[in-house]
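First up is the structure itself, then whatever we jot down about it.
Residue numbers (my numbering): 246 to 729.
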């Protein structure tokens, strides 16, 4: 049975079964091209996040490197020496960015979430073995990435979440007060995703040393760029292994290093701690089993393409990409700073930034930008629009974005009565639905979740505000399930 998905001028058939006779390359590539019409035009810089693109020339060469090793599996270090050598080399090349004189230990992982999972696993196992801690706790800021909470849920580690200060900084005083006999790890972000601000890593390092604790730095999204900002003479505070208290650090290479998706590096100060992430089962009937990471299979293509990316772009190339990224960031940052209607949230140090509005519903602005084809993030507490700027925005996309943003603001200014009516209608709809109970709210949101009509995501945020934790979890798990 086939279902039809229609978008503008073509119909794409959904295949529920593998075809009895294989389809031709021509037809399948035509399907692939048609399916792209369902997507945002990310190559023109319409996405702020999710996609990190080094440009056509780099991308084409990197793709060729991936294809050359796409069938190899790097799970066994003795099987393909070429891939083993490439992983060891790219890990040490990455490590050189985060330590001036010390040898570090690490491995390639599938992404930031796996790197964070393994860092927590190592901390838990090491603390059980050396400190006999049975009920482990990890202290982290409310601005830390949810990947930590996901991993701690799997690993039975208690999360001690410390709300940020009024200026959106990590609350060091409360962090210190939260340390107890069950604490195994402190977490710092460089930078924190919501605001692009770096936590006070130097102070966290001292805190870790004073209390004989491990300290992990989540540099997944921005660590690579931060290291090149230093090379471009930006003033960047220490956040890495040059601080004695840092015991592990994660950095994604599929972000600002522009490697293909599925590439992150987890680094440790010593091999003793790294070994705690390994899984070995020497007595298995199928033979001796050993794995360096959570996943078993490690695609050779990812290792080769990541190695190729670092060595093909090189220092000079990364400096150029960094300068382009910050040039685009400045265009947007300066526009927001000069605007009477918008203001920057916090004090971003790199190309992650967020902004809100005291005059208008910022999620209404976000909806209008989405309707103009932009992919943007949304913050909560406070509400804001979140942008991850990269080099792809330096060739006119940043200017196009602020032009569309100004158009949206102008529309809101000119249509004050209409906007009041929209706001009243939204409020009435939300309040009416809230009175009908959770089941009705869930049904309504699920029916709208995949709609191709104009975006009104702001209503989802309004509707969820009064839900308890169980209802909220159920709702958003159902939304996810509804997509697949």
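Positions of the beta carbon are idealized from the N, C-alpha and C atoms, including for glycine.
Quick check on the burial criterion: 16 or more other C-beta atoms within 10 angstroms. Buried or exposed for residue i?
i: residue 725; result: exposed
i: residue 273; result: exposed
i: residue 297; result: buried
i: residue 324; result: exposed
i: residue 372; result: buried
i: residue 295; result: exposed
i: residue 730; result: This structure gives no information on residue 730, because the portion of the chain shown stretches from 246 to 729.
i: residue 729; result: exposed
i: residue 436; result: buried
i: residue 359; result: buried
i: residue 594; result: buried
i: residue 268; result: exposed
i: residue 578; result: buried
i: residue 711; result: exposed
i: residue 545; result: buried
i: residue 266; result: exposed
i: residue 737; result: No statement about residue 737 is possible, as the shown extent of the chain runs from 246 to 729 and does not include it.
i: residue 339; result: buried
i: residue 522; result: buried
i: residue 320; result: buried
i: residue 739; result: This structure leaves residue 739 out entirely; the chain is present only between 246 and 729.
i: residue 343; result: buried
Could you tell me how far apart the beta carbons of residue i and residue j are, in whole angstroms, since I believe they sit closer than 8 angstroms?
i: residue 351; j: residue 512; result: 4 angstroms
i: residue 419; j: residue 402; result: Contact flag wrong, Cβ pair sits at about 19 angstroms.
i: residue 503; j: residue 590; result: Wrong, their Cβ atoms sit about 27 angstroms apart, outside the cutoff.
i: residue 463; j: residue 495; result: 6 angstroms
i: residue 431; j: residue 449; result: 6 angstroms
i: residue 377; j: residue 427; result: Contact doesn't hold; Cβ gap of about 11 angstroms is too wide.
i: residue 447; j: residue 385; result: Actually they do not touch by this definition, with Cβ atoms about 17 angstroms apart.
i: residue 638; j: residue 290; result: 5 angstroms
i: residue 576; j: residue 647; result: 7 angstroms
Where DSSP assigns a beta bridge to residue i, which residues make up the other side?
i: residue 446; result: DSSP lists no partner for residue 446.
i: residue 516; result: The partner list for residue 516 (beta bridge, DSSP) is empty, contrary to what the question assumes.
i: residue 593; result: Answer by DSSP bridge pairing: none, since residue 593 is not bridged.
i: residue 498; result: Its beta-bridge partners do not exist; DSSP assigns none.
i: residue 620; result: 292
i: residue 599; result: 631
i: residue 352; result: 511
i: residue 459; result: 430
i: residue 723; result: According to DSSP, which records beta bridges pairwise, residue 723 is partnered with nothing at all.
i: residue 588; result: 601
Whether or not the stretch 319 to 330 and the stretch 567 to 575 are in contact is what I'm after, with contact meaning three or more pairs of Cβ atoms, one per stretch, closer than 8 angstroms; do they touch? The stretch 319 to 330 and the stretch 567 to 575 do not touch, with fewer than three beta-carbon pairs separated by less than 8 angstroms.
Across the stretch 477 to 489 and the stretch 437 to 446, are there enough close Cβ pairs to call them in contact, namely three or more that are closer than 8 angstroms? The stretch 477 to 489 is in contact with the stretch 437 to 446.
Could you tell me which whole alpha helix (DSSP H) segments of length 4 or greater appear in the stretch 268 to 337? The stretch 268 to 337 contains these whole alpha helix (DSSP H) runs: 270 to 281 and 301 to 313.
Counting only runs that start and end within the stretch 364 to 444, where is the beta strand (DSSP E) found for 3 or more residues in a row? As far as the stretch 364 to 444 is concerned, its whole beta strand (DSSP E) runs of at least 3 residues are 382 to 386, 403 to 407 and 428 to 434.
Count the CB pairs spanning the stretch 550 to 563 and the stretch 306 to 318 that are closer than 8 angstroms, and state whether there are at least three. Segment contact: the stretch 550 to 563 against the stretch 306 to 318, three or more CB-CB distances shorter than 8 angstroms; contact assigned.
Quick check: the stretch 610 to 619 against the stretch 589 to 599, are at least 3 beta-carbon pairs closer than 8 angstroms? Cβ pair count under 8 angstroms is below three, so no.
Restricting to runs no shorter than 3 residues, where is the beta strand (DSSP E) found entirely within the stretch 623 to 649? The stretch 623 to 649 contains these whole beta strand (DSSP E) runs: 629 to 633.
Please confirm if the stretch 352 to 363 is in contact with the stretch 527 to 541, defined as three or more CB-CB distances below 8 angstroms between the two stretches. With contact defined as three or more Cβ pairs closer than 8 angstroms, the stretch 352 to 363 and the stretch 527 to 541 are in contact.
Cβ contact check for the stretch 332 to 349 and the stretch 403 to 413: 3 or more pairs under 8 angstroms: No: the two stretches stay apart, fewer than three of their Cβ pairs being nearer than 8 angstroms.
Sequence ranges, beta strand (DSSP E) only - wholly within the stretch 524 to 571, length at least 3: Runs of the beta strand (DSSP E) lying entirely within the stretch 524 to 571, each at least 3 residues long, are 524 to 526 and 534 to 536 in chain order.
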